[in-house]
Every structure is written in C-alpha cells, then in structure tokens.
Amino acid sequence: MEGVEDIPGTALSEGITWGWESYPDYLDVIGQRHLAVDFGSQVAHGPIRAYAMGERGAATSPQPRTTSQQ
Numbered sequence: 004m005e006g007v008e009d010i011p012g013t014a015l016s017e018g019i020t021w022g023w024e025s026y027p028d029y030l031d032v033i034g035q036r037h038l039a040v041d042f043g044s045q046v047a048h049g050p051i052r053a054y055a056m057g058e059r060g061a062a063t064s065p066q067p068r069t070t071s072q073q
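Residues in the sequence shown are numbered from 4 upward in steps of one, following this note's numbering.
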C-alpha cells in the first residue's frame, strides 16, 4: 500500500493491524477496536471474485459454490 497508494509506512503501522484475510475477519478486527466514530466500508466486486475464484475468475463464470463464497 505504501508504494501503490502513496500512504506513508508510518501511517500504516500506527493504524489498525493487518491481521485479517477475509471481510468477516476484518470486521472482527474492527469490532475489537474502541473507536470514537462510526464508519462504513465498501468492497468492490473484483477483489472478492479474485479471492474466491483465483485467476480463473477473469475468464469463466462462477459456479454456485463460488457464488455463495463471494
């Protein structure tokens, strides 16, 4: 993220931990924090599809199992 988004590494290391792999894991990490503000999140379809289907997601349609995983 530091190189791609031009976010200083110090800002990344002082924020939340990166101890998640899935969106539910992310929500668990956020839920454990004591935050003074509410926040929302938006998850794009492309990364979710790539996570569930890997490289084949670029060329094939998802099967019912992968659709439910997404």
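Glycine is no exception: its CB is placed at the ideal position from the N, C-alpha and C atoms.
The structure displayed is predicted, hence computed values, not measured ones.
In its chain, beyond the 5 residues on either side, Tyr54 have a beta carbon closer than 8 Å to the beta carbon of Ser25. A direct Cα-Cα distance of roughly 19 Å separates Trp21 from Ala47. Apart from the 5 residues on each side of it in sequence, Pro65 sits with its Cβ closer than 8 Å to the Cβ of Arg52, Ala55, Met56 and Gln73 in its chain, given in chain order.
Of the candidates Thr63, Leu30 and Pro50, Leu30 places its Cα closest to the Cα of Gly43.
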